[in-house]
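Take the sequence shown: its letter number 52 is residue 52 in UniProt numbering, and every next letter is one higher. A quick write-up on the structure given underneath.
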Amino acid sequence: MMITVYGFGKVAPQVIGITRDLRVLWALEECELEYQVRGLDDFADELHGPDFLALNPFGKVPAIDDDGLILFESGAIVSYLAEKSGKLMPESAAERAKALQWAFAALDTVEGPLTEIASIDLFDAEAEWAKLRRPALVELAHKRLEVLSDTLGKTRYLLGSVFTYPDILMALAVRQIQHTTILETYPKVTAYLARCYERASWQTSFDEYSRRLQGTGAM
């Protein structure tokens with residue numbers, strides 16, 4: 001059965017290229033699984049319609065339907081796809097535990113301040129509260145990225161020489177601040193991102209995503 005991915009069909013232009021459905025699309029390409037995309041119109045509030053809320057009660061994308069198995073949360077989906085396909089997933093129990101560790105690090109530790117920075121810069125840059133809040137977020141982002149940089153100074157990817165599913169989660173978490181100058185301080189991180197984005201699976205998934213959303217950002 002073909003996996004159905006629920007992602008964005010129309011979304012604010014500011015976030016095209018950093019939405020979380022990209023994580024799932026990239027993983028599907030890496031895992032060589034067949035899929036189709038059902039794009040939801042964020043402007044028409046389709047994410048909060050009864051049909052989609054039956055799949056994800058939080059009203060957020062992505063979600064997938066794999067022959068009746070419904071999953072939401074991008075990290076859970078990417079991990080599931082790696083397990084299902086046998087790709088992107090280490091073989092040993094110890095390495096699988098390390099992969100899970102880095103998946104949580106990407107989504108829980110690293111991503112938080114980066115998402116807030118992106119949200120401020122893209123939607124609320126002129127708000128007084130945002131100007132007061134942003135410096136603390138940048139400071140926290142530097143602390144997180146310093147640790148990531150130290151790790152990547154010793155290894156090609158998060159788990160060593162092999163690209164695994166937490167690399168998808170980490171690369172796209174960090175991608176959210178590509179519009180800032182923060183990453184200029186971390187050449188090891190930017191080199192890591194370049195390695196990730198050189199992968200044919202990323203280029204295919206991003207190109208198809210871009211074609212689907214091209215011209216859809218205007219209300």
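In this text, a Cβ means the ideal position worked out from N, Cα and C, and glycines have one as well. A quick note: this is a predicted structure, and the numbers were derived from the prediction, not measured.
- In this structure, the beta-carbon distance from P166 to L172 does not fall below 8 Å.
- A residue is called buried when at least 16 other Cβ atoms come within 10 angstroms of its Cβ; F123 does not meet this threshold and is exposed.
- For E83, the CB contacts under 8 Å within the same chain, skipping 5 residues up- and downstream, are M89 in chain order.
- Going by C-alpha positions, S119 is about 28 Å away from A99.
- According to the DSSP assignment, Y35 belongs to the beta strand (DSSP E) that extends over 35-41.
- A distance below 6 Å between beta-carbons, with the five flanking residues on each side excluded, links F163 to the following residues of its chain, in chain order: Y157.
- Segment contact: the segment 41-48 against the segment 4-21, three or more CB-CB distances shorter than 8 Å; contact assigned.
- For T155, no beta strand (DSSP E) run applies, since DSSP gives it neither H nor E.
- R144 and T109 do touch by the CB rule: their CB atoms are close to 6 Å apart, below 8 Å.
- Ranked by Cα distance from H179, the first of T4, M1, M2, V15 is V15.
- One Cα belongs to L114, the other to E139, and the distance between them is close to 11 Å.
- A contact is defined here as three or more CB-CB pairs under 8 Å, and the segment 21-30 fails this definition with respect to the segment 45-55.
- DSSP places T4 in the strand class (E or B) of the three-state scheme.
- Considering only I18, T4, V61, D67, the residue with the shortest C-alpha distance to V37 is T4.
- Separation of the CB atoms of S210 and E29 is rounded to 14 Å, and the pair is thereby denied contact status at 8 Å.
- The alpha helix (DSSP H) runs of length 4 or more contained entirely in the segment 170-205 are, from start to end of the chain, 187-197.
- In this structure, the straight-line span from the alpha carbon of Y35 to that of S74 is close to 16 Å.
- Listed as beta-bridge partners of I70 by DSSP are D65.
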